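Peer 1:
Residue numbers (the working numbering), protein chains in the order written: chain D, 406 to 636; chain P, -8 to 275; chain U, 21 to 413.
(1) Please list, in chain order, the chain P residues whose beta carbon lies closer than 8 Å to that of residue 260 of chain U.
(2) In chain order, what residues of the same chain have a beta carbon less than 6 Å from the beta carbon of residue 73 of chain U, not counting five sequence neighbours either side?
(3) Between residue 531 of chain D and chain P, is the shortest Cβ-Cβ distance under 8 Å, so that the two count as touching?
(4) Rounding to the nearest angstrom, what Cα-Cα distance links residue 102 of chain U and residue 283 of chain U in this structure?
(5) Please tell me whether residue 264 of chain U has its Cβ less than 8 Å away from any Cβ of chain P.
(6) Any beta carbon of chain B sitting closer than 8 Å to that of residue 491 of chain D?
(7) Starting from residue 210 of chain P, find everything on chain U with Cβ-Cβ shorter than 8 Å and list it in chain order.
(8) Can you list the residues of chain P that residue 244 of chain U reaches, using a CB-CB cut of under 7 Å?
(9) Just the C-alpha distance for residue 257 of chain P and residue 217 of chain P, rounded to the nearest angstrom, thanks.
(10) What separation, rounded to the nearest whole angstrom, lies between the Cα atoms of residue 225 of chain P and residue 161 of chain P?
(11) Along the stretch 455 to 489 of chain D, where does the CB come closer than 9 Å to a CB of chain P? Name the residues.
(12) Please report how far the alpha carbon of residue 80 of chain U lies from the alpha carbon of residue 209 of chain U, in whole angstroms.
(13) Classify residue 499 of chain D as helix, strand or coil using the three-state DSSP reduction.
(14) Any Cβ of chain D within less than 8 Å of the Cβ of residue 79 of chain P?
(15) In chain order, what residues of the stretch 146 to 162 of chain P put their CB closer than 7 Å to some CB of chain D?
(16) Please give me, in chain order, every unbroken run of the alpha helix (DSSP H) with length at least 4 that falls completely inside the stretch 34 to 102 of chain P.
(17) Looking only at its own chain, which residues have a Cβ that is under 8 Å from the Cβ of residue 627 of chain D, when we skip the five neighbours before and after it?
(18) Quick one, which of U:166, U:134, U:280 and U:158 has its alpha-carbon nearest residue 146 of chain U's?
(19) In chain P, which residues lie with their C-beta within 7 Å of the C-beta of residue 288 of chain U?
(20) Please work out which residues of its chain come closer than 7 Å, Cβ to Cβ, to residue 94 of chain U, disregarding the five sequence neighbours upstream and downstream, and give them in chain order.
(21) Beta-carbon within less than 6 Å of residue 362 of chain D's beta-carbon, same chain only, minus the 5 sequence neighbours each way: which residues are those?
(22) Can you tell me which of the three DSSP states residue 195 of chain U falls into?
(23) Once the 5 residues before and after residue 225 of chain U are set aside, which same chain residues still bring their CB inside 7 Å of it?
(24) Using a Cβ-Cβ distance cut-off of 8 Å, determine whether residue 5 of chain P contacts chain U.
(25) For residue 42 of chain U, count the other beta carbons within 10 Å of its own beta carbon; 16 or more makes it buried, fewer makes it exposed. Which is it?
(26) Which bits of chain P does residue 589 of chain D rub up against, with CB to CB less than 7 Å?
(27) Which whole-angstrom value is the C-beta distance of residue 159 of chain U and residue 410 of chain U, which I expect to be below 8 Å?
(28) What did DSSP end up calling residue 157 of chain P once you bin it into helix, strand or coil?
(29) For residue 322 of chain U, is the classification buried or exposed, using 16 other Cβ atoms within 10 angstroms of its Cβ as the cut-off for buried?
(30) In chain P, which residues lie with their C-beta within 9 Å of the C-beta of residue 539 of chain D?
(31) Can you confirm whether the stretch 367 to 376 of chain U touches the stretch 303 to 318 of chain U when touching is taken to mean that 3 or more C-beta pairs between the two stretches lie within less than 8 Å?
(32) Would you say residue 194 of chain U reaches chain P, if we count a Cβ-Cβ gap shorter than 8 Å as a contact?
(33) Who are the Cβ neighbours of residue 144 of chain P in its own chain at under 8 Å, not counting the five residues just before and after it?
(34) Excluding the 5 residues preceding and the 5 following residue 298 of chain U in the sequence, name in chain order all residues of the same chain whose CB lies nearer than 6 Å to its CB.
(35) When you compare the CB positions of residue 227 of chain U and residue 198 of chain U, do they come within less than 8 Å of one another, or not?
(36) What's the call for residue 353 of chain U, buried or exposed, on a 16-neighbour Cβ count within 10 Å?
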């Protein structure tokens, strides 16, 4: 493992006073993709929300490139080199597809997104539509493209393939792979093994708010993974 | 008769532009933040009193513009911090809270200045001939200022991403934070921009109306109608609402009678509330 | 954090409408009662559009009570004021009047408010106790046991109009007013006087009462119609607004304006730049040069100091009401409706604006025609004992 870019150290927290996540640690190296797996409701989304500042952790630290960002407002993430794509309400429904993409840019030109539009022509066709009119899968694609295009070193994505068609899942995997080669790191919360098998360098499995398995993806067979995901 | 038509045509344009200037602050806060600031008229009133004080102090009238923006902006900051933000920008709760705020501001001004009318002298006297008809210079200046501000705002809104960011923030605050929008500051700045502009509008109209603590109550009525008809959250809606309400009232007043004009406006607004509550050009 | 919008705007706007209706609550102030005092209910504008006059009304009433008490009281009893707010809707004020009679046991009611409120109060008082109505009004009310001290349109216009025609060197009139009974009645009566003078009315405009009115349109029409005189029956803010717009359009040099409701506060709003060739016809101005008035103003200044509220005909009438009631009661030796009513006819009493004589339950009185000089009134003519032309028995 190369030197860690993104480190979660003994992070705890949840909603209100209840702890959903207890003392979880994990690290993502440069150019590495870590897939976080687990059954529904074991605290995967809570963990990434705590890590990205959407929820305030009760304990533990989060560092990126050696800088601690624990408890900082999420609006500071990008400055620190961190992008977060949430699981729900993934796009701005009131804005057009184009506005969703250019929202934080200085101009409204879409040239920078041409390479993504080539992969997902659907988004280009719908760029003038309000994002609220897109299907669930299309919204996920839009959120994914927005996240990659922000150009942060570390991308945290929560369930990127929910509702996405198989061929587009494959294309997403290809994009992640090519961005990894360019030095980008990923932490992906995922249920879809199609994506996991294509991109994961390491696999972390959670249960009951804790990490129950962590290891190189190459060492894990599909059946072994599935055994963790079914009751 | 022709000269009357010319003057009345300018009157229509004047009424539309002045109304648009008054609606602007309300439209920003309502259209973008979903906060119907019932105390908007009181911020206009405070702007007018600021103008009165500036003039009384012997300062140039233009000094009232920054002064009113600062006064109303500063009150806006306090109101946002201690009223709007604690109520999480909830449309209903802030509506009630700003209603109470309006009451409080009127009462405070009444305590400080009394109920009596104050008059602010017209800063630019005289008239200019337009198509052979003399029209008061100050009103023409106001028309130009209002038109320039609205066009500038229109262009800015089209080009600058701030408008889209505000909409993004209101629609999906979690994601907005995640993509790097500092939602607290943006919401506060938007609200304060609305109140500060209301103060400036108060400076603009102060020489034209009786300045008294309750002036905001009547001023907000037409602004409210214009918002209802035009639709909220778009500059087009603001233009359309002001044009229809201001224009209709002005034209019907001239052609039929002022009472008919007012009734027509009420009926139109009720029809809109009933049949098309989002107005002509709402934010999609 | 922001909450996203879930409630529809339609509901929101409805709520706003409901909220707007809830403005204003009546306030009743009741000083502790002393034994065998004679309580008088006084309806003043603590809230509502006329609240501007509230402080001056209270001051005039309190001074009126003090004056009566200093002279031995009314029917030998010290008087005590129970104020109630007349700024609420008529039905609310009527309830306050009922409360004044039943719970406070007032034996007289004085009121300075609009006619809609007066009718509401008349309906509940039903002539059981004397009710003295003090401000200017449109006339044509003979409800029993009600006494009218204010100016009627006939008083304001019959002598003033010929004088204005003389000052304006012209007899063409443009009438502009608020769209309600006082303005319309005043204008109907004005039209008769104008016809008698051989004058003409070129146009009439009425603006909705209490609406956010603008007057550019009418001013443009006036500019085009070129009347010699504009007769104004606009009230309060509308009066200020119109006159400022009128002057902004540079019409004040050539056209004379006579306002039927222009007192000191409204003139302050109109301002010095907009008051050229503007006249007012009223039964009282705070600056009239009469010894009675000098004493009145001086006493108020002594009592309230710098904070003495600006007096005008609308507030000063409440002082008159005390003088009138004391004089009438002394003559009738009773507040009984029949005796009181019979005694007042022909009664003369002195007020800050000079003597008033009761005729048909109204008062013949001095009428002053004043020219605005800046934000001050200069009396240009005084008409003595102008009759009201009212015929109440």
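Every residue gets a Cβ at the ideal spot worked out from N, C-alpha and C, and that includes glycine.
If you're wondering where the values come from, they're calculated on a predicted model, not measured in any experiment.
Peer 2: Concretely, from the data shown:
(1) Translated into positions along the third chain, residue 260 of chain U becomes position 240. Residues of chain P passing the Cβ test: 108, 110, 200 and 201.
(2) For this step, residue 73 of chain U is matched to residue 53 along the third chain. The answer, listed in chain order, is 65, 334 and 335.
(3) Within the first chain, residue 531 of chain D is the residue found at index 126, counting from 1. No, no contact with chain P.
(4) Position 82 of the third chain, counted from the first residue, corresponds to residue 102 of chain U. Position 263 of the third chain, counted from the first residue, corresponds to residue 283 of chain U. In a straight line, the C-alpha of residue 102 of chain U is about 26 Å away from that of residue 283 of chain U.
(5) Here residue 264 of chain U refers to the residue found at position 244 of the third chain. Yes, residue 264 of chain U counts as interfacial toward chain P.
(6) No chain B is part of this structure, whose protein chains are labelled D, P and U.
(7) Position 219 of the second chain, counted from the start, is the residue given in the question as residue 210 of chain P. Ordered by position in chain U, the residues that pass the 8 Å Cβ test against residue 210 of chain P are 232.
(8) Taking the third chain and counting its residues from 1, the one referred to as residue 244 of chain U is at position 224. In chain order: -6 and -5.
(9) Residue 257 of chain P sits at position 266 when you count from the first residue of the second chain. Residue 217 of chain P sits at position 226 when you count from the first residue of the second chain. If I take the Cα positions, the gap works out to 11 Å.
(10) Sequence index remark: in the second chain, residue 225 of chain P carries index 234 (1-based). Sequence index remark: in the second chain, residue 161 of chain P carries index 170 (1-based). If you take the alpha carbons of residue 225 of chain P and residue 161 of chain P, they lie about 15 Å apart.
(11) 457, 458, 459, 478, 479, 480, 481, 482, 483, 484, 488 and 489
(12) As a working mapping, residue 80 of chain U is identified with position 60 in the third chain. As a working mapping, residue 209 of chain U is identified with position 189 in the third chain. Their Cα atoms are separated by approximately 30 Å.
(13) Numbered from its first residue, the first chain carries residue 499 of chain D at position 94. Reduced to three states, the DSSP call for residue 499 of chain D is coil.
(14) Residue 79 of chain P sits at position 88 when you count from the first residue of the second chain. So, not an interface residue.
(15) 152, 155, 156, 158, 159 and 162
(16) 55 to 70
(17) Residue 627 of chain D sits at position 222 when you count from the first residue of the first chain. Hits under 8 Å: 598 and 602.
(18) To locate residue 146 of chain U, count along the third chain from 1; it is residue 126. Looking at the Cα atoms, U:166 is the closest of the given residues.
(19) Start at 1 with the first residue of the third chain, and residue 288 of chain U comes out as number 268. Within chain P, the residues near residue 288 of chain U are 107, 108 and 110.
(20) Numbered from its first residue, the third chain carries residue 94 of chain U at position 74. Closer than 7 Å at Cβ, skipping near neighbours: 58, 88, 345, 346 and 349.
(21) The first residue shown for chain D is 406 and the last is 636, placing residue 362 of chain D beyond what the model contains.
(22) Against the third chain, residue 195 of chain U aligns to sequence position 175. Three-state DSSP puts residue 195 of chain U in a strand.
(23) Position 205 of the third chain, counting from 1, holds the residue named residue 225 of chain U. For residue 225 of chain U, where only same-chain residues beyond five positions count, the Cβ hits under 7 Å are 196 and 238.
(24) As a first step, residue 5 of chain P is located in the second chain; it is residue number 14 there, counting from the start. Interface residue, yes.
(25) Along the third chain, read from residue 1 onward, the residue named residue 42 of chain U stands at position 22. Residue placement at residue 42 of chain U is flagged as unreliable, the pLDDT there being 37, under the threshold of 50; a coordinate-derived value is accordingly withheld.
(26) Counting from 1 along the first chain, the entry for residue 589 of chain D is found at position 184. None at all; the shortest Cβ gap to chain P is about 17 Å.
(27) Here residue 159 of chain U corresponds to residue number 139 of the third chain, with the count starting at 1. Here residue 410 of chain U corresponds to residue number 390 of the third chain, with the count starting at 1. With 8 Å as the limit, residue 159 of chain U and residue 410 of chain U qualify as a contact, their Cβ atoms being about 5 Å apart.
(28) Taking the first residue of the second chain as 1, we reach residue 157 of chain P at position 166. Looking at residue 157 of chain P - three-state DSSP - the assignment turns out to be helix.
(29) Looking up residue 322 of chain U in the third chain gives position 302. Residue 322 of chain U is exposed by the Cβ-count criterion.
(30) Position 134 of the first chain holds residue 539 of chain D. Simply none; closest approach about 14 Å.
(31) yes
(32) Taking the first residue of the third chain as position 1, residue 194 of chain U is located at position 174. Closer than 8 Å: no.
(33) In the second chain, residue 144 of chain P corresponds to position 153, counting from 1. 15 and 226, listed in sequence order.
(34) Residue mapping note: residue 298 of chain U aligns to position 278 of the third chain, counting from 1. Hits under 6 Å: 277 and 392.
(35) By one-based count along the third chain, residue 227 of chain U stands at place 207. By one-based count along the third chain, residue 198 of chain U stands at place 178. Cβ atoms of residue 227 of chain U and residue 198 of chain U: closer than 8 Å.
(36) As a first step, residue 353 of chain U must be located in the third chain, where it is residue number 333. Flag for residue 353 of chain U reads exposed.
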